[in-house]
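Numbering (my numbering), first residue to last: 23 to 265.
Backbone N, C-alpha and C fix where the C-beta goes; we use that ideal spot for every residue, glycine too.
Here it is in structure tokens:
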């Protein structure tokens with residue numbers, strides 16, 4: 023899809039735009055993940071299904087493990103900054119997996135012991151690592167510029183499935199999906215305006231547009247859902263005491 027030799031010079035030619043929009047995209051990503059982790063803790067549930075969290079975990083772990091490539095092989099500031107930025111997202115992904123270990127068995131409704139469920143989650147993580155390795159080999163994306171968007175949009179499926187299954191806002195918030203929309207919008211803008219090539223093609227633009235519309239749709243959908251069960255239970259006593 024692209025080569026390192028054609029992308030990095032374009033980034034070097036527009037450092038202010040890349041840093042400005044990239045920073046906003048990462049801050050939106052952090053807000054998206056923070057809200058997910060916060061709501062999962064509040065409602066004692068998973069923030070994301072394993073289908074999403076294991077893929078993100080594998081993606082970011084792979085990028086972080088390629089430290090020698092970014093800091094010793096490529097003499098450019100962009101992949102180094104991206105590596106530092108992913109330290110934060112990877113930390114959140116560890117939290118998401120912890121939430122799956124702790125709360126996922128109850129929601130899955132599987133007749134499993136705690137030990138069996140833990141093995142199930144470990145197996146899902148291993149499967150995610152294997153699937154990511156296969157995908158990485160087939161994608162010509164040496165700087166992870168396309169897979170950042172692809173894995174981000176993957177969140178829409180997890181979020182929608184959780185909302186439909188639970189029927190309330192458990193593990194999610196409107197702010198979370200507004201931040202998601204901001205992340206897709208700003209990263210899409212910098213990729214289309216600066217990266218060029220395949221990033222200006224109709225399929226990539228359609229993907230970015232679908233991500234923005236999906237994020238706005240999820241923000242609206244979640245706003246229409248009732249309060250989460252855990253939050254309602256916590257609020258009810260205080261209301262009763264006032265009455």
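Just reading off the alpha helix (DSSP H) that residue i is part of, what are its end residues?
{"i": "residue 240", "result": "224-246"}
{"i": "residue 56", "result": "37-65"}
{"i": "residue 133", "result": "Premise fails: residue 133 is in no alpha helix (DSSP H) and is neither H nor E."}
{"i": "residue 24", "result": "It is not in any alpha helix (DSSP H) - residue 24 carries neither H nor E in the DSSP assignment."}
{"i": "residue 83", "result": "72-87"}
Taking the alpha carbon of residue i as the point to measure from, which residue in the options has its own alpha carbon closest?
{"i": "residue 99", "options": "218, 217 and 37", "result": "37"}
{"i": "residue 209", "options": "239, 241, 242 and 172", "result": "172"}
{"i": "residue 176", "options": "203, 163 and 87", "result": "203"}
{"i": "residue 52", "options": "106, 139 and 233", "result": "106"}
{"i": "residue 239", "options": "29, 197, 153 and 26", "result": "197"}
{"i": "residue 248", "options": "214, 219, 206 and 193", "result": "193"}
{"i": "residue 201", "options": "25, 216 and 57", "result": "57"}
{"i": "residue 140", "options": "232, 162, 121 and 220", "result": "121"}
{"i": "residue 215", "options": "27, 23 and 35", "result": "35"}
{"i": "residue 230", "options": "218, 207 and 250", "result": "207"}
{"i": "residue 127", "options": "118, 138 and 153", "result": "138"}
{"i": "residue 30", "options": "145, 226, 166 and 250", "result": "166"}
{"i": "residue 89", "options": "77, 75, 78 and 104", "result": "104"}
{"i": "residue 75", "options": "39, 118 and 33", "result": "118"}
{"i": "residue 232", "options": "212, 174 and 220", "result": "174"}
{"i": "residue 234", "options": "32, 25, 50 and 129", "result": "50"}
{"i": "residue 116", "options": "136, 81 and 95", "result": "81"}
Label residue i either buried or exposed according to how many other C-beta atoms from any shown protein chain fall within 10 Å of its C-beta, with 16 as the threshold for buried.
{"i": "residue 134", "result": "exposed"}
{"i": "residue 199", "result": "buried"}
{"i": "residue 242", "result": "exposed"}
{"i": "residue 237", "result": "buried"}
{"i": "residue 62", "result": "buried"}
{"i": "residue 246", "result": "exposed"}
{"i": "residue 156", "result": "exposed"}
{"i": "residue 195", "result": "buried"}
{"i": "residue 47", "result": "buried"}
{"i": "residue 28", "result": "exposed"}
{"i": "residue 250", "result": "buried"}
{"i": "residue 161", "result": "exposed"}
{"i": "residue 212", "result": "buried"}
{"i": "residue 260", "result": "Reliability of the predicted coordinates at residue 260 is poor, the pLDDT of 28 falling under 50, and no value is obtained from them."}
{"i": "residue 72", "result": "buried"}
{"i": "residue 93", "result": "exposed"}
{"i": "residue 144", "result": "exposed"}
{"i": "residue 77", "result": "buried"}
{"i": "residue 228", "result": "exposed"}
{"i": "residue 108", "result": "buried"}
Query raised in the report: Which whole runs of the alpha helix (DSSP H) in the region 160-235 are 4 residues long or more, in chain order?
Result: Taking only runs of at least 4 residues, the alpha helix (DSSP H) segments lying wholly in the region 160-235 are 167-175, 177-188 and 196-212.
Query raised in the report: Counting Cβ pairs, one atom from each stretch, are 3 or more of them under 8 Å apart for the region 56-72 and the region 188-197?
Result: The region 56-72 makes contact with the region 188-197; the number of CB pairs closer than 8 Å reaches 3 or more.
Requested in this report: Report yes or no: do three or more beta-carbon pairs, one from the region 178-185 and one from the region 38-48, lie closer than 8 Å?
Outcome: Fewer than three beta-carbon pairs drawn from the region 178-185 and the region 38-48 are found closer than 8 Å, and the two stretches are therefore not classed as touching.
Query raised in the report: Do three or more CB pairs link the region 142-162 to the region 92-106 at distances below 8 Å?
Result: no
Query raised in the report: Would the region 100-119 and the region 74-85 be scored as touching if the rule is three or more Cβ pairs under 8 Å?
Result: yes
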